[in-house]
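Visitor:
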Amino acid sequence: MFQVLTVCHNWYNMCLEERKLAWEYERRNVSKSEQYTKGKYYRRTFPQAKIVSSHTMQSVADQLDNTFRSFFRRVKAGETPGYPRFKGRNHFSSFSFKQFGCGVQIDGNHRLRLFGIGRVRVRWHRPIPETGKIKTCRIKYRAGQWFVTFAVELPDSLELPKTGSIIGLDMGISALITTSDGEKVQNPSYYHAGQVKLRVLSRALVRKTTNSKNRGKALKRVQRHHVHIVNQRSDYLHKLSSTLVHKCDGVALEDLSKRSLVKDSYLSKSILDSGWGIFKQYLMYKAESAGREIRFVDPAYTTQICPCCGKVQKIGLMVRWIDCNCGLSLDRSHRAAINILVKAGWDAPVIVNVSPEAMRRIRSPQL
59 MFQVLTVCHN WYNMCLEERK LAWEYERRNV SKSEQYTKGK YYRRTFPQAK IVSSHTMQSV
119 ADQLDNTFRS FFRRVKAGET PGYPRFKGRN HFSSFSFKQF GCGVQIDGNH RLRLFGIGRV
179 RVRWHRPIPE TGKIKTCRIK YRAGQWFVTF AVELPDSLEL PKTGSIIGLD MGISALITTS
239 DGEKVQNPSY YHAGQVKLRV LSRALVRKTT NSKNRGKALK RVQRHHVHIV NQRSDYLHKL
299 SSTLVHKCDG VALEDLSKRS LVKDSYLSKS ILDSGWGIFK QYLMYKAESA GREIRFVDPA
359 YTTQICPCCG KVQKIGLMVR WIDCNCGLSL DRSHRAAINI LVKAGWDAPV IVNVSPEAMR
419 RIRSPQL
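One rule links them: number in the numbering used here = place in the sequence shown (from 1) + 58.
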């Protein structure tokens, strides 16, 4: 598998170099179909490439083609384009089969037969659904371990029964989410908790001799600890998003720009450790398959407007509990969650008694 990975890595850089030189010297674009043909020649000419399936070679060309498409899309949009770069040995970690059955197939209960590699023992994470049809397969090397990922086509899932519950969510750092009902879900902060061990492993890595076997072992220990933290966060957010989708018919969220938020040097690490973007992604695709509704609102002034009287208050970030002259006294995040719910066009909780005037000001603030 390492040999296949090396061939794919070299083939990716060769395809990139061909496109780059063709444009610089001839002002000509090289299509992926042309590189398909060159891939066949490459497999016939070089003995080390014969163990790689033609579908795998094509998938590498497809990967590079998608990279260039994204580059041109960013150029047209006026964004920072970022021209595709050559990949180093440690930055190319996977190869794929475009069609299941051509170069890859399941052989027995615990075996996977791969073209040019043979039968590989697999420890299944979960059984493949009987009603599903496997479309593609990707083999990935990560932190000293090999993983296989299947893309499976499944029939449309049934919608979950209605619960009649609709909530607004305010995402934060100390509390990962605060609902419009006043419930808080604490942020486990897995990266902060794992920094002590990570610091020890990183210092041990730095002390090792460059390109030595001990350095390679120390590097794998650091990588596995990072993977462990990522898996912890992913598992926690999967469970939280599934709970919300099963309990609520609708969820209102702030349409936050993570890129602008992480520019804050004091909060960037905590924001990234919270996994706001991952949580939003999980919530969206699960809600779609379950027949739930997700609404995103403008995050402006969700904290500064009183959800009861509509009065605007200039509040600093350090103030966590807000008292209004109308008599409403709420936690900062709870107050924001109610305003998010109202902005989304849904009714706020009864305990707040949002007046029509306040509701109008929350949905279209005139400050």
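The beta-carbon is built from N, C-alpha and C at its ideal position, and this holds for glycine as well.
Values in this document were obtained by computation on a predicted structure and should not be read as measured data.
Please report the straight-line C-alpha distance between S300 and K338, rounded to a whole angstrom.
Guide: Going from the Cα of S300 to the Cα of K338 covers about 12 Å.
Visitor: Helix, strand or coil for M59 per DSSP?
Guide: Coil.
Visitor: Determine contact between the stretch 61–79 and the stretch 114–122, defined as no fewer than three beta-carbon pairs at a distance below 8 Å.
Guide: With a cut-off of 8 Å, the stretch 114–122 and the stretch 61–79 count as touching, because enough Cβ pairs lie within range.
Visitor: Let me check understanding here. Comparing Cα to Cα, which of I192, L325, V285 and Q61 lies closest to R200?
Guide: That would be V285, whose Cα lies nearest to the Cα of R200.
Visitor: Is V370 closer than 8 Å to I380 when the C-beta atoms are compared?
Guide: No, these two residues do not count as a Cβ contact at 8 Å.
Visitor: Note down the Cα distance separating H392 from T360, rounded to an integer number of angstroms.
Guide: Roughly 10 Å separates the two Cα atoms.
Visitor: Please report the straight-line C-alpha distance between L425 and A358, rounded to a whole angstrom.
Guide: Residue confidence for L425 is low, a pLDDT of 48 falling below 50, so the modelled location carries little weight and cannot support an answer.
Visitor: Could you check what DSSP says for M376 in three-state terms: helix, strand or coil?
Guide: Three-state DSSP puts M376 in coil, outside helix and strand.
Visitor: How long is the line joining the alpha carbons of N68 and G166, rounded to whole angstroms?
Guide: Cα to Cα, N68 sits roughly 33 Å from G166.
Visitor: Quick one: what's E312 bridged to in DSSP?
Guide: Beta-bridge pairing links E312 to V355.
Visitor: By Cβ distance below 8 Å, which residues in the same chain neighbour H168 in space, the five residues on each side in sequence not counted?
Guide: R179, V180, R181 and W182.
Visitor: Look at the alpha carbon of S318 and the alpha carbon of Q106, and state the distance between them as a whole number of angstroms.
Guide: Near 46 Å, if we compare the C-alpha coordinates of Q106 and S318.
Visitor: Applying the 10 Å Cβ sphere with the 16-neighbour rule, what's the burial state of M376?
Guide: Label assigned to M376: exposed.
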